[in-house]
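First the structure, in the form of C-alpha cells, and then the observations on it.
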DNA sequence: GTCTATATGGAGATAGAC
DNA sequence: GTCTATCTCCATATAGAC
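Chains as they are written, first to last, in the numbering used here: chain A, 4 to 213; chain B, 4 to 213.
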C-alpha cells in the first residue's frame, strides 16, 4: 500500500461503499432465501439493491463470490452470537443450543438467512474450496459440538445420539421448510412458529430412546 | 380415437414406450433430488436416460411438465402406500404415520424422491396450477390428517400441536438435509439414518409440552 | 465509479433428415 | 420416432462512454 494511513476523506468513501455493500447483501440474502442460488439473477440483485448490474460487478467479482460472501457473513454473525452465549457461564449448554437455534430460525423466517440448498449445487462446491468459509464453519461446528457434548452429559440430549447427528439437525433448522409453510398460512406469529419447532426438536432430543 | 381396441402390436409398443418413460423418470428423480430443478438440465436427463434430447422432448413437452410428472408420480406411489397402511386396522395411527414417513425417507435417501425445493421456484408455481397434482396432494393431506387426529386423541402426538404443524413436519422429512449429510459421512447405513430421524421426530411429537 | 449497450455461453426447445 | 444440427432466449459478465 502506498498510504496505509486513512485520511478522513477515504473513511467517508469507505462508509459509502459499505452502505452499498450492505444493500447488496440484504438483497442477496432475501433472494437466496426465497428463490435459491440458481434461480436468483444478478439483475434482480442489482434492481433490489438500487444500482446497476455493472456497478454490482464492480463490488463483487461474480455471482458465486457474491453468494459466497453472503454465506460467510451469516457464519460470522452466527459465531458472534455463539461467543455472546459462551460468556453466559451459568446457562446450561442445552439452553445455549436452543438460543442459537432460535436465532437461526428467526433469521430464516425474516428472509435474512442465505441458506444454501442441501443439494449438490455449483455453489456448494465453490464453498468447499473457500478457506474462509470452511474455517468459520469448522470453528462454529467445534463450539457447538462442545455444547452438544455437555448437554448429553447433563441428560438434556439423549446420549445415544451421535453428536454429528445432533449437529446436523441444528444446522437443518436454519433451512427448515416448515418455517415458510406455517408462515405462509398466516395463522401464527414468527415467534409462535419458532417456538413450535424448538419445542418439537428439543423435546425429541431429550426424550428419544434408541 | 379411431381404434379404441388395443391390438397386440400396439400393446408391445406401449410397453417399449413405458420402459423409456421409466428410464427418464428414474433419471429425473435422481437429478431433481441431487441438483434441484433449476440446476437440472434436459441434456443431463437425456444422457442419463440413454436417449437424445429430441427424443426426450417427444415424450415430455417441457422441462416443467417432466418435473411435474415426477412430482405427481411420487404422490401417486405415496398414496398407494397410504392405502396399504389404511387396511391394517389394528395398527395405531401413529405407527401408520411412522411407516409412511419411513417410506418417504428411504425413498429420499435412495435418490428416488424428486423433492421440490421449499423455495418459491417456477416449478412450484406451475404445480399449484396443476389440477392433477393438487388433487393428489389434497387427498394425501386429508388421509394423513385423519391419522394425525387419531394419534393426538391416543396421546401419541401432543394434542397441543396444530395438526397442520404436524403434517408439514411429516412432509419436511421427505426433504430432510440430515439424510444426505449423514449418508455422505458413510458411518451409518440407510436404515440406521432413517431410524435416528424417526426416533428424534416421533419422540418430540409425543413428549413436547407447550 | 456508475451507467448503457453489448459480447458470450449455456440451456430450453425445435427443424428436418433418416 | 430417433437422431444431429440449429434456433432463440436469457443470464453472466464486460466494454466503453461519462
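All C-beta atoms in this analysis are idealised placements derived from N, C-alpha and C, irrespective of residue type, glycine included.
All figures in this text were calculated on a predicted structure; none of them were measured in a lab.
Let me know if residue i comes out buried or exposed under the rule of 16 or more other beta-carbons within 10 Å of its beta-carbon.
i                     : result
residue 74 (chain A)  : buried
residue 208 (chain B) : buried
residue 11 (chain A)  : exposed
residue 15 (chain A)  : exposed
residue 112 (chain A) : buried
residue 139 (chain A) : buried
residue 89 (chain A)  : exposed
residue 79 (chain B)  : exposed
residue 176 (chain A) : buried
residue 119 (chain B) : buried
residue 131 (chain A) : exposed
residue 134 (chain A) : exposed
residue 86 (chain A)  : exposed
residue 91 (chain A)  : exposed
residue 96 (chain A)  : buried
residue 155 (chain A) : buried
residue 20 (chain A)  : exposed
residue 83 (chain A)  : exposed
residue 202 (chain B) : buried
residue 28 (chain A)  : buried
residue 183 (chain A) : buried
Over the uninterrupted alpha helix (DSSP H) stretch that includes residue i, give me the two end residues.
i                     : result
residue 81 (chain A)  : 66-89
residue 202 (chain B) : 193-210
residue 188 (chain A) : 180-188
residue 42 (chain A)  : Taken as a continuous stretch (DSSP letters only), residue 42 (chain A) belongs to no alpha helix (DSSP H), as it is neither H nor E.
residue 142 (chain B) : 134-156
residue 177 (chain B) : Note, residue 177 (chain B): premise wrong, no alpha helix (DSSP H); not H, not E.
residue 128 (chain B) : 125-131
residue 100 (chain B) : 96-112
residue 59 (chain A)  : 56-62
Taking 8 Å as the threshold (beta carbon to beta carbon), is residue i in contact with chain B?
i                     : result
residue 166 (chain A) : no
residue 171 (chain A) : yes
residue 119 (chain A) : no
residue 44 (chain A)  : no
residue 210 (chain A) : yes
residue 124 (chain A) : yes
residue 107 (chain A) : no
residue 37 (chain A)  : yes
residue 73 (chain A)  : no
residue 202 (chain A) : yes
residue 143 (chain A) : no
residue 175 (chain A) : yes
residue 41 (chain A)  : yes
Identify which residue in the options has its Cα closest to the Cα of residue i.
i                     : options                       : result
residue 49 (chain B)  : B:95, B:63, B:39 and B:89     : B:63
residue 66 (chain B)  : B:23, B:34, B:145 and B:205   : B:34
residue 170 (chain A) : A:29, A:83 and A:101          : A:101
residue 189 (chain B) : A:179, A:167 and A:202        : A:167
residue 125 (chain A) : B:43, B:18 and B:51           : B:43
residue 40 (chain B)  : B:199, B:198, B:196 and B:117 : B:117
residue 59 (chain A)  : A:23, A:72 and A:38           : A:23
residue 196 (chain B) : B:161, B:71, B:109 and B:123  : B:109
residue 76 (chain B)  : B:158, B:105, B:37 and B:143  : B:143
residue 250 (chain A) : A:81, A:32, A:94 and A:55     : Nothing in the structure corresponds to residue 250 (chain A), since chain A is present only between 4 and 213.
residue 141 (chain A) : A:174, A:160 and A:164        : A:174
residue 159 (chain A) : A:68, A:198 and A:98          : A:98
residue 163 (chain B) : B:18, B:213, B:123 and B:153  : B:213
residue 150 (chain A) : A:46, A:103 and A:69          : A:103
residue 36 (chain A)  : A:180, A:206, A:211 and A:210 : A:180
residue 161 (chain A) : B:52, B:114, B:200 and B:128  : B:200
residue 218 (chain A) : A:178, A:69, A:71 and A:106   : Since the first residue of chain A shown is 4 and the last is 213, residue 218 (chain A) is not available in this structure.
So, is the C-beta of residue i closer than 8 Å to a C-beta in chain A?
i                     : result
residue 180 (chain B) : yes
residue 96 (chain B)  : no
residue 101 (chain B) : no
residue 188 (chain B) : yes
residue 207 (chain B) : yes
residue 213 (chain B) : yes
residue 52 (chain B)  : no
residue 199 (chain B) : yes
residue 184 (chain B) : yes
Please find out if some non-hydrogen atom of the ligand SAM comes closer than 7 Å to the beta-carbon of residue i.
i                    : result
residue 72 (chain A) : As for the ligand SAM, it is missing from this structure, which has no ligand bound.
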